[in-house]
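Take 1 as the starting number for the sequence shown in our numbering and just add one per residue. Here is the structure we will look at, set down as structure tokens.
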Amino acid sequence: MTYLIILLGVLAIAGSLMWILPSPADRKRMALRQAAIAKGIEVRQTPYNDKNGESVTCIGYTCRIARPQGDIEIILQHELNDSLHWTGWPAAVNDRRLQPHWSALQQMVASLPDDVVRVSITSAYVSVLWQEKGTSEALDNIMHFLHQVKGWLEPSV
């Protein structure tokens with residue numbers, strides 16, 4: 001009888017610990033976020049509402065521009081159930097820093113992971129809202145995109 005009580009106590013403690021510890025999926029997301037933070041990306045949880053009224057919590061990966069110049073605001077997004085059709089492309093880009101890279105930018109946005117729902121490019125930052133369903137390769141793709149666009153927008157010294 002004593003052994004049974006001890007066993008129940010140990011199982012209760014082990015169960016409590018298992019309940020508190022993060023799941024493998026949570027650990028994967030934490031590893032992705034830590035990798036992004038280590039490379040200078042700001043990571044924040046952000047609510048996202050698409051045009052159909054669907055709401056989901058995404059993670060915003062943001063790269064700040066050191067010395068913002070000009071007035072750029074490009075907000076690209078797609079519906080949660082349609083990752084192929086991005087909306088929000090301006091008819092023409094008026095910023096001289098983005099003009100030579102316009103077609104490359106469009107290709108890079110098209111090659112972002114399917115669970116990226118929004119891309120924001122302003123004079124102050126470049127941001128991607130991501131549902132974090134991807135792997136470390138998807139994160140590398142996003143970080144390459146953020147740093148590439150930041151490189152185009154930051155004034156050279």
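Where is the CB? At the ideal position from N, CA and C, for every residue including glycine.
Where the alpha helix (DSSP H) through residue i begins and ends
i, result
"N49", "Segment 42-49 is the beta strand (DSSP E) holding N49; no alpha helix (DSSP H) there."
"V149", "136-153"
"D26", "24-38"
Residue i (DSSP reduced to helix, strand or coil)
i, result
"G15", "helix"
"L8", "helix"
"I65", "coil"
"I74", "strand"
"S103", "helix"
"V109", "helix"
"L129", "strand"
Residue i to residue j span [Cα, whole Å]
i, j, result
"A110", "P22", "33 Å"
"I5", "G134", "45 Å"
"R29", "W130", "11 Å"
"S103", "F145", "14 Å"
"D95", "M18", "53 Å"
Host beta strand (DSSP E) of residue i (start-end)
i, result
"S120", "116-122"
7 Å CB neighbourhood of residue i in its chain, flanking five on each side removed
i, result
"N52", "E79"
"K150", "C63, I65, V126"
"H101", "W152"
Proximity test, residue i beta-carbon vs the ligand ATP heavy atom, cut-off 7 Å
i, result
"H147", "No copy of the ligand ATP occurs in the structure displayed, which carries no ligand at all."
Is the region 32-48 close to the region 87-97, with three or more CB pairs under 8 Å? no
Three-pair Cβ contact test at 8 Å for the region 38-47 versus the region 65-72: no
Okay, do the region 101-110 and the region 53-63 touch, 3+ Cβ pairs below 8 Å being the bar? no
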